[in-house]
Every structure is written in C-alpha cells, then in structure tokens.
Amino acid sequence: MDRPLLLSATGLERRLGDRLLWSRLDLALAGGDRLGLVAPSGAGKTLLLRALALLDPPQAGTFHLLGRSPAAWGLPRWRAMVLYLAQRPVAGGGTVAANLRAPWRFRERRGQGSWSHGRITGWLAALGRDASFLDYDAERLSGGELQLLALLRGLQFDPTVLLLDEPTASLDAATTAAVEALLTDWLAAGARACVLISHDGEQIERFATRTLELQR
Amino acid sequence: MTPSSAGALTISDGRLALSGLLILVNVGLSAALRLGLGRSLLVASIRMVVQLLLVGFVLEWLFQQDQSPLILLVGAAMAMIAGVSAVQRTRHRFAGIYLNSLLSVMASSALVTGLAVTGLIRPQPWYNPQYLIPLLGMVLGNTLNGISLGLDRFMDGLRIGRDQVETDLALGATRWEACQTVVREAIRVAMIPTINSMMVMGLVSLPGMMTGQILQGAAPAAAVRYQIVILFMIASATALGVFGVVGLAYARLTSADHQLRLDRLVRAGEAADGEAA
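Residue numbers (our numbering), protein chains in the order written: chain D, 1 to 216; chain L, 1 to 277.
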C-alpha cells in the first residue's frame, strides 16, 4: 500500500464513571480512508471522535498525526488538522458568511489567508443552495441548514482528518446524497481521511471504505 | 473628634424596641398575601439585632486596641468570611473554588484598603482600627457581591455556552479565544451594580456611612469626601477581586491542553468540594 499513514491512535481506553467503554483500541487512518464507526447507542462513538480531536482529557493511549505527537503539533494545530464536527452544530450571531469567516481569525489560522467566497459558493451549488444562503441569519437556520453551515465551516480549512458525527442526521435524502458526493470529491483531492458516525446503516455501507465496530 | 461632643441623639432601649414594630408591616403583608415569609422575617430580624448588638460590643473593644497584629488578624478574619460567603451564593462549585475566592478577596481588599489608609486618609497609626476596620468592611461587603456574581455568571456562561466553546476549540481556537466572550461577560455583569450605584449616588441613595457621619454631626461636605474615597475604593477592589476570581476559575475550568473541563464542575449541594482531577 502506498497510501500515506495520516493518523494513528494506539491503546485507547475510556471509562465513563466505573463503566469501561473500550480498551486496547487501536486505530489507523491512511489517505483516502472513510472509516465508518458502528456501535449501539451509548457505546461511546461520539466520545471516540472527541478523543481523536483531544477535546477530553486523555485517559490512556498515544496519538500521532503524520508521525508527530499532539504535544509536538500543539493542541490548536492538532484540532485544526483533526477536525471534529459535533452532532449538534452551533452557530454564533450574525450571518452564515460571518460564521464561516469567524474561525479564520483564530491565532492558529492567522497568515493562512481567509475564506474563499468562490469555493464556498461552489460547494453550496453542489448542495443545491444558492449564494443567498450566505446572508441568512445563522441563529434562524433549521437543523439541516445548521449542519450544512458546520460542514462548510470545517471543510474550508481542508483538515487532514475530518471527524463527522451524524453529519446528515437532519438532512433530506437528496441533500444527504449531495453531501456524500461532496465529501467523496473533497477526500479524493488530497491526502485526507474521514471517520463517520451515522445511525443510518445504509449510509455507512454506501460511504465507508471500511468499518470499525465498538463492542458494548 | 469624640462622638460625645457633637454626637447624635442616643436611642434609648425602649425606643429601640419600638423600632422593631416596623417589621410588623412586613409580617402583616406576608400574612395577607400568604407569602409564607413570616418565619424568615422573624429569624432575619432577630439575627440582625443580635449580630449588630454583638458587633457593637466587639467594635468598642477593638477600637481600644493598638496592637497591629491583632487588628490585622480581625481584618483577615473578615476577609475570610467574605470569601467564603461569596462562594456560598453560587449555584455550582469546583475543587479549589473557596481558595480562589479567598485569594481574590484578600488580595484585592488588602491592596486597596492598604493604599487608602497609608496614602489617602492617613490615620495615625495607619492601622488605627477606627478607620481600618469600617473601611475594610465596606470594601469587603461590595467585593463579595461582585465576586459571587462574576463566579456564578462565568460558570453558567461556560455551561450554557459549552457547545459554542467546544465548537471553537474543535476549529483550532486556543482556550482563551474560545472562552473570552464568557470571561468578558462575567466580569462585565459583576461590575454593573458598582457602576449603577455610583451613577445615582446622592440622587437616589444617601449611603449609610455618610448618613451616619452626618447624624454624628459631621459637616456634610466633609462626609461627602469620605464617601467619594470609599466609592473609588469599592470600585477598584471589586474590579480587582472579580478579575482575579474569574481568571482563576478560567484557569481551573480549562486546561493547558486547551480543553474545557466542565467535568470539574458540580452543582452546589452535591459532593461539595471533592477533589476530582
């Protein structure tokens, strides 16, 4: 295999209270990987994605991205490259465009340019929306529109690993298919990988190149 | 200046007892509207009377002391009580919250009151309890309010804004970038009562200390000068104390790895101060 190893995590363990969710869990992602996480509710799928983004204090395990540890990258840089999209997306005040621009102001992103209007409207067109979506009040978006906003907000930074937590849960079938096609194109455009959580078994079958099963 | 020369009229025991009848207004209202406050009103009235009579005795004794360590010890005890009660009014706790509050209250009130007695009012000696203790008390009483408001608002802000904070973190924000609006809002809210009270000072309210001095026969113009100094002391001590306590809480509820540590937060009343880390 000549696909580059992007992210590796070994010996992960997670307890919730005195309940052991998983232990000795190893995970490796290479370029082009679309890993589907399969597990019953409450098995800790979301916690696993959060663990990969290092959003919770680690309990056990080591992580490497392109051969470097989180400490070597620095945590904000790590999260910029291993980008987690939460199940319940959040938008701040202002328009959709303002929300897409806001993260470019983080210290981590400074000097890396700014948002590309053309790129975003291209994606919007692929998702069946026109550019007026950018002027919507972000606090009045529907659940599905909020998911699109969150997806574009993450995608525009071209993370190395995209962690998707039920990204199409509030979308209709047509938009869901468009999102899947968009993600497939985006993943093919560089050394990138993604992990997907979905309650929709067919989506995992359609989209994932392989699956990881978490036992209860 | 001795209080006896130009002092206020003395209130006899009988008239003092008579003033207590005023509380019957509240009791009557509570009974008529079935507010269920009768018991609390009674307890609060009795506590107020007993506490103040006791404090009267303690202060009379304290004002005759001239040992600086003893006076400072009393001051420290007052600050300690203020620090603890500031936390007791918050709805959530984390391990170390009492220490944070104590540090903030003590540092801010010591600094501001210290500057006032050594530089602004300059009693002789600087630790003269007749000046130091009432000044410190006024500063502490107000700092306490600011600190408990700021703490409560900060913890609530993180809990309610948790998804927003973590969204920012997930997009590569540092912990400060993700939390700064919550920090700012908490400090702003905690400063509002102080600013409001300065705005209407003298127009709506005549502050208690000034009223006292005027009743004692002090010239209103002189009493006003004290009040101005006190208000600036209160404003700066509150600002410092709130800044300190919110800053310490921010350090505690986030980590150097830029994570939000709301797992360190517990509701007041549950497992109060268990060290969990």
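Every residue, glycine too, gets a C-beta built ideally from N, C-alpha and C.
The structure displayed is predicted, hence computed values, not measured ones.
- Contact annotation: the segment 198-212 of chain D touches the segment 160-171 of chain D, with at least three C-beta pairs closer than 8 angstroms.
- Taken through DSSP and simplified to helix, strand or coil, Glu166(D) comes out as coil.
- Per the coordinates, the alpha-carbon of Ala98(D) lies some 30 angstroms from the alpha-carbon of Pro70(D).
- The C-alpha of Ile195(L) is placed about 56 angstroms away from the C-alpha of Leu25(D).
- In this chain, the alpha helix (DSSP H) harbouring Arg101(D) covers Val96 to Arg101.
- Looking from the CA of Leu29(D), the closest CA among Ser23(D), Leu37(D) and Trp22(D) belongs to Leu37(D).
- Assignment of Leu48(D) by DSSP, reduced to helix, strand and coil, places it in the helix class.
- Listed along chain D, the residues sitting closer than 9 angstroms to Glu177(L) by beta-carbon distance are Pro76, Arg105, Phe106, Arg107 and Glu108.
- Membership of Arg210(D) in the beta strand (DSSP E) is indicated by the continuous run Arg210 to Glu213.
- In the DSSP assignment, Val179(D) falls within the alpha helix (DSSP H) that extends over Ala173 to Ala188.
- The alpha carbon of Leu240(L) has as its nearest neighbour, out of Ala95(L), Val55(L), Asn26(L) and Ser108(L), the alpha carbon of Ser108(L).
- Residues are counted here when their Cβ sits less than 7 angstroms from a Cβ of chain L; for the segment 43-60 of chain D these are Ala53, Leu54, Leu55, Asp56 and Pro57, given in chain order.
- Scanning the segment 30-95 of chain D for uninterrupted beta strand (DSSP E) segments of 3 residues or longer gives 34-38, 60-65 and 82-85, listed from N- to C-terminal end.
- Looking at the backbone, the Cα of Met198(L) and that of Ile230(L) are separated by about 11 angstroms.
- In the DSSP assignment, Glu13(D) falls outside any alpha helix (DSSP H) and within the unbroken beta strand (DSSP E) covering Leu5 to Leu16.
- DSSP, reduced to helix, strand and coil, places Ile197(D) within a strand of the structure shown.
- Residue state for Arg93(L) is assigned as strand, using DSSP reduced to three classes.
- Neighbours of Glu185(L) in chain D, taken as residues whose beta carbon is under 8 angstroms from its own, are absent, since the nearest beta carbon is some 13 angstroms off.
- For Leu169(L), the chain D residues whose C-beta falls within less than 7 angstroms of its own C-beta are Leu55 and Arg79, listed in chain order.
- Rounded to the nearest angstrom, the gap between the Cα atoms of Ile234(L) and Ser101(L) is 17 angstroms.
- For Arg210(D), not one C-beta of chain L is nearer than 8 angstroms to its own C-beta.
- Residues of chain L with a Cβ closer than 8 angstroms to the Cβ of Arg88(D) are, in chain order, Asp163.
- The straight-line gap separating the alpha-carbon atoms of Asp66(L) and Leu73(L) is approximately 13 angstroms.
- Chain D places no beta carbon closer than 8 angstroms to that of Gly96(L), leaving this residue out of the contacts.
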